[in-house]
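Chemist: Okay, here's the structure, questions in a sec.
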Amino acid sequence: MGEHAVTASVGETEKSPAAGLRRQLSRAELLRYSLLAAAGVLPYLNTLWNGFVYDDQYQVVQNPFLRSFHFLGTIFTTSAWAFQVRHGTVTYYRPLMSFAYLLIYQAFGPIPYAFHLLNLLLHCAVVLLFYLITRRVFGSEALAWISVALFALHPIHTEVVAWVADVPDLQMTVSLLLTFWFYLNLIEGAGHRNWNYAAAYGSYALALLSKEPAVMFPGVLLLYVLLRFSPGEKRALKKSLAYQLPVWLLAGFYAFARFFLLPGIIPNAYRANMTAREIGMSAVSLFGAYMAKLVWPANLAAFYPFQATSSAADPRFLAGAAWTCALGISLVWFWRVRRRAALAIVWLVLLLLPVLDAKAMASNVFAERYLYLPSIGFC
């Protein structure tokens, strides 16, 4: 009798409306994430059969550091191109890039397919994380879908996904989105606090080891908190700011190590003859050019010639100034009306700032790949 009662009870539970709803939700979630993965993968699926081009030949095919794990320590203590005789002119510190190359090279050899697959998987991860964060921050399923569709299908991302040498942008973006997700867990009290601590700060450390613009991300977190909490929510504001302290310390240590502890990778001034006026005006012009590419991604190219801006009458400067004013006005309006929406502008501008200094940029002053991370704010 008791056994029959238990069996009946279990059967009723499995057939209950709540159980059916859970199954429906599980199927809906599976379909949702499958569609998101398809949006990230399908537009770039043909890149898997591409070969190595441009810097891929130096960074992968001709890179002796990938031949053995013996070079692992060297990868983390020298510049990205330290294996080249001319490495003194290139001061990038991106050990996570070389480490990923090392793992793939040791597992598959110099096969382009494996390296392109890594880019594709990382881009897919970015699409999924972008969707989850947008839905969480703004509380809108529709907005999350529209934003992620625009990001996944935007042509400006072609260079990053299709080019093996651009894996640092993908690694940095995945790491920063994970940092933001686990930081949200901390300030919202979701999940295990110690795990969120380790995951948030560990992800940010990986971002710093991926590419230099990650050093700007603490500013995004700071402004997000100021946008999220009103002046009356002092306790929540202080607690959220306290959670940021390790991120700021990591950024500070990274900057210190970059300049003082790791010889040979101090950033160069590639255009030392540029005046302060030209640097400032060129930054405005570059900002306008980047915004134009986001709005109308036509005539895309691997290389764009650069000419410094020195006149306020230059159409490039005027366009950049117009964009600056428009975004400034929008930021003020969002700050007053819908504060969290201002995060999009903050994300776009802050994470684009490092590539607006033409004096410090290498041969490609303007490049489409520099828009990958900032474009999340645009989308």
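The opening position of the sequence shown corresponds to residue 970 in the numbering used here, with each subsequent residue numbered one higher.
C-beta atoms are modelled at their ideal positions from N, C-alpha and C, and glycine is treated no differently.
#1: For a test of the three-state rule: what should DSSP assign to D1135, helix, strand or coil?
#2: For L999, name the three-state secondary structure that DSSP assigns.
#3: Span of the alpha helix (DSSP H) holding F1068?
#4: Taking 9 Å as the threshold (C-beta atoms), are Y1273 and A1336 in contact?
#5: Does the Cβ of R1307 have 16 or more other Cβ atoms within 10 Å, making it buried, or fewer, making it exposed?
#6: By Cβ distance, which residues of its chain are closer than 6 Å to A1049, with the 5 residues on each side in sequence left out?
#7: Nearest to I1125 by alpha carbon, out of D1326, F1303, W1302 and Y1259?
#8: Compute the distance between the beta-carbons of S1254 and T1278, then report whether it is under 9 Å.
#9: On the criterion of 16 or more Cβ atoms from any shown chain inside 10 Å, does G989 qualify as buried, or is it exposed?
#10: Pick out whichever of F1068, Y1100 and G1346 has its Cα sitting closest to the Cα of W1150.
#11: What's the C-alpha gap between S1344 and A1183?
#12: Quick one: what's got a C-beta closer than 7 Å to E1370's C-beta in the same chain, skipping five residues either side?
#13: Would Q1028 and V1133 qualify as a contact pair, given that the criterion is a beta-carbon distance under 9 Å?
#14: Since L1196 and L1312 should fall inside the 8 Å C-beta cutoff, what is the C-beta to C-beta distance between them, to a whole number of angstroms?
#15: For M1066, which option in F1077, A1076 and F1084 has the closest C-alpha, if you only look at C-alpha atoms?
#16: Count the other C-beta atoms from every protein chain shown that fall within 10 angstroms of the C-beta of K1203, then say buried if there are 16 or more, exposed otherwise.
#17: Spatial neighbours of L1352 within its chain, please: C-beta separation below 8 Å, excluding the five flanking residues on both sides.
#18: Have a look at L1000 and F1068 and give me their C-alpha separation to the nearest angstrom.
#19: Using CA coordinates, which residue listed in D1283, V1194 and R1104 is at the minimum distance from Q1213?
#20: Starting from N1088 and walking both ways along the alpha helix (DSSP H), at which residues does that stretch end?
#21: Expressed to the nearest angstrom, what Euclidean distance is found between the alpha-carbon atoms of G1346 and N1242?
#22: Taking only runs of the alpha helix (DSSP H) that begin and end inside the stretch 1237 to 1269, which ones reach a length of at least 4 residues, in chain order?
#23: Pick helix, strand or coil for W1018, following the three-state DSSP scheme.
#24: Would you mind listing the beta strand (DSSP E) stretches within the stretch 1123 to 1194 that are 3+ residues and don't spill past its ends, in chain order?
Modeler: For this structure:
#1: Helix.
#2: When DSSP states are grouped into helix, strand and coil, L999 belongs to the helix group.
#3: P1064 to F1077
#4: If you check the CB distance, A1336 and Y1273 come in under 9 Å.
#5: exposed
#6: Y1061 and R1063
#7: Y1259
#8: In this structure, T1278 lies closer than 9 Å to S1254 by Cβ.
#9: Reliability fails at G989, whose pLDDT of 48 lies under 50, so the model's placement of it is uncertain and the value that follows must be treated cautiously. Answer is exposed; the Cβ neighbour count stays below 16.
#10: Y1100
#11: 15 Å
#12: Examination of residue 1370 is not possible in this model, given that the chain is present from 970 through 1348 alone.
#13: yes
#14: About 6 Å; that satisfies the 8 Å criterion.
#15: F1084
#16: exposed
#17: Since the displayed the chain opens at 970 and closes at 1348, residue 1352 lies outside it and no answer follows.
#18: 34 Å
#19: Put simply, of D1283, V1194 and R1104 the residue whose alpha carbon is nearest the alpha carbon of Q1213 is V1194.
#20: P1081 to F1107
#21: Across the structure, G1346 and N1242 are spaced so that their CA atoms are roughly 33 Å apart.
#22: 1245 to 1264
#23: helix
#24: none
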